[in-house]
Structures are given as C-alpha cells and as structure tokens.
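Everything below concerns the one structure shown next.
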Amino acid sequence: MPENAREEPDKIGVEGSMKYLQDLGVKLDEVVVLAVLTELEAPTMGEFTRDGFIDGWTKNRAETIPKQQSQIAQWRRSLSQTPDFFKRVYRSTFLLARLPGQKVLPLDTAIEYWRLLFTAPSLSWTTPSTPWLAWWIEYLEGNWKKSISKDMWDQTVIFVQKSLVDESMNWWNEDGAWPGVLDEFVMYVRQKRGGVETEMDIG
C-alpha cells in the first residue's frame with residue numbers, strides 16, 4: 006500500500022491514489038485509470054480499499070511496482086483489443102462515476118466518460134462511413150436532456166460493439182429490446198447518412 010494510506014489503513018483516499026498512480030507513470034486523465042480502478046475493485050472514483058488493492062494485484066500476479074507497470078501496459082492494449090475486458094471496464098465506470106446515493110449519471114458526466122472510453126487509444130467508435138461517437142454526442146446534446154440510467158449505459162456499449170462489427174446496422178431490429186433513445190439514434194444516423202435508407206441500411 007502507498008505510504009499515504011497509513012492514516013486510514015483500510016482505504017487509500019483520493020490524494021494517496023493520485024500519488025500512487027503518478028508513481029506508476031499513469032496520467033490521471035488517461036483511460037487506463039478506469040481499468041486500474043476496475044481491476045482493483047475501487048468503490049468509487051479515485052479511492053481504493055485495502056482488500057481490493059491487494060486482491061486485485063495478487064490476482065494479476067503483480068505484487069511489485071515493475072510488475073504493476075507491466076500489467077497496466079497490458080490493460081492499455083486490452084482496452085482496444087479485448088472486447089470482454091473493455092466491456093467490464095466500461096460497465097464498472099458507471100458505478101465508479103456515480104455520486105454517492107445516486108442511481109443515474111448526469112448527461113454531461115456520461116458524455117465526458119463516453120469521450121474517454123470511445124476514443125483511441127481505447128475503443129475507437131468510428132467506422133469508414135460514420136463518425137459514431139461524434140454523432141452520438143451531437144444527438145444527445147440536441148435531443149436528450151435526461152440523466153443516463155445504468156440500463157441505457159449498458160445497452161450503449163452493446164450497440165457500440167455491434168456497430169463496429171457491422172456499420173450497416175443489418176443487426177438492428179426496431180422491435181428489439183433497445184432503449185428508445187437508441188431507436189431514435191438509429192434514425193438520426195440514417196438521416197445523417199443521406200436522408201434515405203440505402204441498401205447498406207436495410208441489408
């Protein structure tokens with residue numbers, strides 16, 4: 006545990022966590038911070054518990070600083086290359102980013118994390134015909150004023166991963182169990198692509 010944790014032996018607070026991450030060579034505004042928090046079972050943004058800290062590094066066989074640095078380098082790669090790992094970090098981010106006692110994320114907070122999570126060197130949400138992330142944020146800022154629920158957050162990453170595999174949206178079904186906001190976003194994307202359903206849209 007970092008020396009900063011001595012005053013509270015079962016927790017590393019924000020100040021101690023920031024110092025520890027900097028000692029590991031991790032910039033506080035880079036996406037891999039979310040992977041570290043996820044893997045070390047952080048209860049909230051910028052804090053670690055003793056148990057989560059020890060269990061997380063033990064599970065990854067990284068009990069020394071050099072091994073931890075090596076593991077973090079692997080997590081950086083995994084965010085863009087390993088869909089299951091990315092999804093786990095993504096879903097954890099919602100829980101980490103919520104304010105105490107809240108069940109939803111403010112829209113501006115969600116957008117901030119979507120920008121971080123869906124931009125290289127993490128998973129880049131863009132395809133040859135569609136700047137998905139830019140259009141998603143544009144759509145939300147113009148048409149969606151509500152907070153973001155956990156269900157909407159979780160369904161969005163499924164939508165993202167499917168759109169990256171098949172940007173034509175042949176997998177889309179209006180009768181599926183998608184949140185209404187994603188139904189509306191699909192219509193928005195089709196309009197942005199030219200206002201008509203092309204062969205690529207309808208398959």
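The opening residue of the sequence shown carries number 6 in our numbering; numbering runs sequentially from there.
Just so it is clear, CB atoms sit at the ideal spot from N, CA and C, and this is done for glycine as well.
Because the structure is a prediction, the values reported are computed rather than measured.
message: Between S134 and chain C, is the shortest Cβ-Cβ distance under 8 Å, so that the two count as touching?
response: The structure shown contains no chain C; it is built from a single protein chain.
task: Look at the alpha carbon of W149 and the alpha carbon of D56, and state the distance between them as a whole number of angstroms.
output: Taking the first residue of the sequence shown as 1, we reach residue 149 at position 144. Taking the first residue of the sequence shown as 1, we reach residue 56 at position 51. Each residue's Cα considered, the two are about 39 Å apart.
- request: Decide if A125 is buried, meaning its Cβ has at least 16 other Cβ atoms within 10 Å, or exposed.
  value: If you number the sequence shown from 1, residue 125 lands on position 120. Answer is exposed; the Cβ neighbour count stays below 16.
query: Just checking, does the stretch 39 to 53 make contact with the stretch 74 to 92 on the three C-beta pairs under 8 Å criterion?
result: yes
query: Between L145 and L112, which are expected to be in contact by the criterion C-beta below 8 Å, what is the C-beta distance as a whole number of angstroms?
result: As a first step, residue 145 must be located in the sequence shown, where it is residue number 140. As a first step, residue 112 must be located in the sequence shown, where it is residue number 107. That belief holds up - the Cβ atoms of L145 and L112 are roughly 7 Å apart, short of 8 Å.
query: What is the DSSP secondary structure of L110, reduced to helix, strand or coil?
result: Within the sequence shown, the letter at position 105 stands for residue 110. Correct three-state label for L110: strand.
query: If we ignore side chains and look at the alpha-carbon of each, how far apart do I116 and A67 end up?
result: Position 111 of the sequence shown, counted from the start, is the residue given in the question as residue 116. Position 62 of the sequence shown, counted from the start, is the residue given in the question as residue 67. So the alpha carbons of these two residues sit roughly 33 Å apart.
task: For E46, name the three-state secondary structure that DSSP assigns.
output: As a position in the sequence shown, residue 46 is number 41, starting the count at 1. DSSP places E46 in coil when its eight states are reduced to three.
message: Do I142 and W158 count as a contact pair if the criterion is CB distance below 8 Å?
response: For the purposes of this step, residue 158 is taken as residue 153 along the sequence shown, with counting starting at 1. For the purposes of this step, residue 142 is taken as residue 137 along the sequence shown, with counting starting at 1. No, the pair does not count as a contact, with Cβ atoms beyond the cut-off.
message: Considering Cα atoms alone, identify which of L121, M192, G18, K167 is closest to M50.
response: Within the sequence shown, the letter at position 45 stands for residue 50. For the residues L121, M192, G18, K167, the minimum Cα distance to M50 belongs to G18.
query: Taking just the CA atoms, how far does F164 sit from L110?
result: The count along the sequence shown starts at 1 and reaches residue 110 at position 105. The count along the sequence shown starts at 1 and reaches residue 164 at position 159. C-alpha separation (whole angstroms): 19 Å.
- request: For I70, count neighbouring Cβ atoms within 10 angstroms of its own Cβ and tell me buried if that reaches 16, exposed if not.
  value: Position 65 of the sequence shown, counting from 1, holds the residue named residue 70. By the 10 Å Cβ count, I70 comes out exposed.
Span of the alpha helix (DSSP H), counted from its first residue to its last, around K169: Stepping through the sequence shown from its first residue, residue 169 is reached at position 164. Per the sequence shown, residue 169 should be read as Leu rather than Lys. L169 -> alpha helix (DSSP H) spans 155 to 170.
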